[in-house]
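Engineer: One structure, as structure tokens, below. Some questions next.
Protein chains: 2
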Amino acid sequence: MYRMVEPTVLYLLATGKAQYGYELMEKAHETGLTDSEIDAGAIYRTLSALEENGYVISRWDAGTSGPARHVYEITQAGREHLAEWAVLLRRLGTSMTQFADACDNLR
Amino acid sequence: MYRMVEPTVLYLLATGKAQYGYELMEKAHETGLTDSEIDAGAIYRTLSALEENGYVISRWDAGTSGPARHVYEITQAGREHLAEWAVLLRRLGTSMTQFADACDNLR
DNA sequence: AAGGGTATATGCTATTAACAGATAGCTATG
DNA sequence: CATAGCTATCTGTTAATAGCATATACCCTT
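Same order as they appear, the protein sequences are chains A and B.
Note that the numbering used here has the first sequence beginning at 263, numbered continuously upward.
Note that the numbering used here has the second sequence beginning at 263, numbered continuously upward.
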């Protein structure tokens, strides 16, 4: 999990697969970027940072069973930011695969 | 450059493309894992850590022009460690590419 | 002798996530 | 009705990593 929390959160919000912290935490592994569960602290701090930067907006929803939820929605700027992440991650992913190939050719 | 210094150093030592810190710093971008130059401090600290863990061994070489060089050689354990990195990076790389695909399919 | 390139090393800082725990609402169970 | 457990958010602290800066020093050229 190296810097994958932010793109994971943006993606889940963009697809509507999750809307608030606790749900993001449970569904984070669905993106494939992380095998294990993402730490709750990382989720909540990432959401705060995203909101500060205008990539998401939030409201409180007390109309469900259980404690109130801080519900998030991705903004247009957030979608663009996710698209930038996608470009970066594709480049990184390609590099890593090529590096792994080169390592395998060592023996 | 997130956690790529260690595999980059091991790879360059394994292939013989570099033997000491300063040279590693100059040739680090050749692996493709990093576009820019790796920080010198990161290189030297990584080499120390690798030696502590038995992944490389070192000797001083004062027999060249210029200041003495701390020359490193990868060990068998180091090669195995690099192979583990390759497995991990292939998995990460595949995940990132798939994530990027999914993001591109959002629009 | 002065400056520049080679070479190693350490101090400090910023970022990120991991670990841990506090708070609190709601629900089911005994 | 007490209490245990799940849902939910948030913060404090620490560890790992890399970036930036600096110190030291050798050697060669001008």
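Beta carbons: idealized from backbone N, C-alpha and C, even for Gly.
(1) Which residues in the same chain have their Cβ closer than 8 Å to the Cβ of residue 386 of chain A, if we skip the five residues on either side of it in sequence?
(2) Quick one, which residues of the stretch 297-312 of chain A are near chain B if we go by CB-CB under 7 Å, in chain order?
(3) From B:352, B:348, B:361, pick the residue whose C-alpha is nearest to that of residue 269 of chain B; which is it?
(4) For residue 334 of chain A, which three-state DSSP category applies?
(5) Kindly give me the distance between the Cβ atoms of residue 337 of chain A and residue 317 of chain A, rounded to whole angstroms, as I take these residues to be in contact under 8 Å.
(6) Just by C-beta distance, which residues in the stretch 263-277 of chain B are closer than 8 Å to chain A?
(7) Figure out for me which residue from B:365, B:326, B:288, B:350 has the closest Cα to the Cα of residue 343 of chain A.
(8) Is residue 340 of chain A close to chain B, meaning its C-beta is less than 7 Å from at least one C-beta of that chain?
(9) Mind checking whether residue 266 of chain B and residue 309 of chain B have CB atoms under 7 Å apart?
Structural biologist: From the atom records:
(1) This structure cannot speak to residue 386 of chain A, because chain A is shown only from 263 to 369.
(2) Taking 7 Å as the Cβ-Cβ cut-off against chain B, none of the residues of the stretch 297-312 of chain A qualify.
(3) For residue 269 of chain B, the closest of B:352, B:348, B:361 by C-alpha to C-alpha distance is B:348.
(4) Assigned with DSSP and collapsed to three states, residue 334 of chain A falls in strand.
(5) Contact holds; Cβ gap of about 6 Å.
(6) Against chain A - using a Cβ distance shorter than 8 Å - the residues of the stretch 263-277 of chain B are 264, 265, 269, 273, 276, 277.
(7) In this structure, B:365 is the residue among B:365, B:326, B:288, B:350 with its C-alpha nearest to the C-alpha of residue 343 of chain A.
(8) No, its Cβ sits nowhere closer than 7 Å to a Cβ of chain B.
(9) For residue 266 of chain B and residue 309 of chain B, no; Cβs fall outside 7 Å.
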